[in-house]
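K.L.:
Counting in numbering that gives the first Met the number 0, the sequence shown runs from 0 upward without gaps.
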Amino acid sequence: MNTSFSEIDALFHPRSVAMVGITTANPNHWTRGFLEGYLKFEFSSRGNLYLVNPKGGTVEGIHVYKSIRDIPDTVDFIIGLVPSRVSPQLIEEAAAKGARFAQFCTAGFSETGDEEGIQTEAALLEAARSHNIRIIGPNCLGAYCPEAQMSFSELFPRESGSVGFISQSGGNTNYLIRQAALRGVRFSKAISMGNACDLNECDFLEYLADDPKTEIIALYLEGIKNGAAFRRSLRYAAARKTVVLLKGGAGSAGARAVMGHTASLAGSHDIWKSLCRQEGIILVQTSMR
């Protein structure tokens with residue numbers, strides 16, 4: 000599917016967000032972290048925030064709907080906090096509410112390397128394409144945009160900056176944004192894209208290259224699926240912005256770790272070094288530089 004600037008810009012500026020699968024019982028559950036981020040950033044002051052759990056009830060004083068279908072309005076952006084096996088069904092429900100984007104945070108997809116996970120991801124993508132819904136992830140943390148008051152962590156800065164960040168690793172996204180904040184660095188947008196079965200590094204590279212709010216593009220990549228497409232997007236971005244790349248899985252042990260983390264191919268570090276040299280990309284060895 001072709002992706003326009005306005006389409007991805009809408010992803011980073013949703014008018015309404017529904018968090019599906021948030022726990023109603025345990026305030027320390029990992030799903031609550033997404034809610035805490037949106038509450039701290041006061042997303043509800045500019046958009047509608049909905050919570051969904053089959054048990055219903057309330058969380059942090061917010062009504063919890065038992066189904067997406069019960070939400071009384073359209074929903075732009077679905078954050079799926081549900082087991083992988085129900086993700087295709089969630090797409091069907093999201094489509095009924097006019098959703099344009101769906102992010103899936105849980106693991107259990109193609110990154111497992113087993114047939115069940117691969118088939119589940121394929122079914123998710125097929126369902127999404129049949130309804131013209133774009134997928135972020137799965138196996139990811141998703142989007143951070145201070146300007147739009149959206150964040151998957153309450154620990155991130157609320158101030159906007161000029162760095163756009165693309166990452167295949169949720170943990171690395173969390174770490175880098177927090178460490179950069181200690182050094183005064185602020186971000187225009189960041190995306191943890193996980194397996195990137197639909198929207199991928201090429202889409203986000205070209206978007207940030209054209210984004211007037213972004214001056215520097217930073218990437219953490221563990222591997223790519225389409226080398227030719229990536230090179231075209233990298234060249235497009237490097238002609239417009241400063242691009243900095245942190246490559247995961249540089250050694251053989253790192254490459255094996257990468258294959259168990261996201262559904263990507265790590266590739267030779269020498270190839271990456273050559274690519275960056277030819278395209279004018281700054282290649283760094285550690286996110287602390």
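Just so it is clear, CB atoms sit at the ideal spot from N, CA and C, and this is done for glycine as well. A quick note: this is a predicted structure, and the numbers were derived from the prediction, not measured.
Excluding the five sequence neighbours on either side, which residues of its own chain have a C-beta within less than 8 Å of the C-beta of A236, listed in chain order?
P.N.:
The residues are L204, E205, L207, A208, I216 and V242.
K.L.:
In angstroms with no decimal places, state the Cα-to-Cα distance between K246 and I190.
P.N.:
If you take the alpha carbons of K246 and I190, they lie about 16 Å apart.
K.L.:
Counting along the chain, where does the beta strand (DSSP E) carrying S191 start and finish?
P.N.:
Where S191 is concerned, the enclosing beta strand (DSSP E) stretches over F186 to S191.
K.L.:
Hey, could you find the ends of the alpha helix (DSSP H) T119 is sitting in?
P.N.:
T119 -> alpha helix (DSSP H) spans E114 to S129.
K.L.:
Helix or strand or just coil, what does DSSP make of N25?
P.N.:
Looking at N25 - three-state DSSP - the assignment turns out to be coil, as it is neither helix nor strand.
K.L.:
By DSSP, does C144 sit in helix, in strand, or in coil?
P.N.:
Of the three classes helix, strand and coil, the one that applies to C144 here is strand, per DSSP.
K.L.:
Which term fits L264, buried or exposed, when burial requires 16 or more other beta carbons within 10 angstroms of its beta carbon?
P.N.:
Low local confidence applies: a pLDDT of 47 at L264 is under 50, so the model's placement there is unreliable, and no value is given.
K.L.:
Assign T57 to buried or exposed, taking buried as 16 or more other Cβ atoms, counted over all protein chains shown, within 10 Å of its Cβ.
P.N.:
Exposed is the call here.
K.L.:
Would you grab the beta carbon distance between I67 and V51 for me? Rounded to a whole angstrom, and I think it's under 8 Å.
P.N.:
Contact flag correct, Cβ pair sits at about 6 Å.
K.L.:
With DSSP as the reference, label Q102 as helix, strand or coil.
P.N.:
Strand.
K.L.:
For F100, I'd like the list of residues in its chain whose CB is within less than 6 Å of its CB, leaving aside the five on either flank, ordered along the chain.
P.N.:
Closer than 6 Å at the Cβ level, and outside the excluded window around F100, lie L10, F76 and R133.
K.L.:
Give me the residue from A142, V85, S150 and P156 with the minimum Cα distance to A122.
P.N.:
Nearest of A142, V85, S150 and P156 to A122, Cα basis: V85.
K.L.:
Could you spell out where the alpha helix (DSSP H) holding L10 opens and where it closes?
P.N.:
Where L10 is concerned, the enclosing alpha helix (DSSP H) stretches over F4 to L10.
K.L.:
Under a Cβ-count criterion, where at least 16 other Cβ atoms within 10 Å of its own Cβ denotes burial, should F4 be classed as buried or exposed?
P.N.:
By the 10 Å Cβ count, F4 comes out exposed.
K.L.:
Could you pull out every residue in the same chain whose Cβ sits closer than 6 Å to the Cβ of A180, ignoring the five residues on either side in sequence?
P.N.:
Counting only Cβ-Cβ distances below 6 Å, and skipping sequence neighbours, we find P156.
K.L.:
Would you call the CB atoms of G46 and S15 closer than 7 Å?
P.N.:
Cβ distance < 7 Å, so G46 and S15 count as in contact.
K.L.:
So what's G46 in DSSP terms, helix, strand or just coil?
P.N.:
Residue state, collapsed to three classes: coil.
K.L.:
I need the straight-line Cα distance from R182 to T172, nearest angstrom please.
P.N.:
Straight-line Cα distance between these residues: approximately 16 Å.
K.L.:
Which of helix, strand or coil does DSSP assign to A217?
P.N.:
Here A217 sits in strand by DSSP.
K.L.:
Leaving out five residues before and five after T30 in sequence, what residues of the same chain have Cβ atoms less than 6 Å from its Cβ?
P.N.:
Excluding sequence neighbours, T30 sits near I21, T22 and L80.
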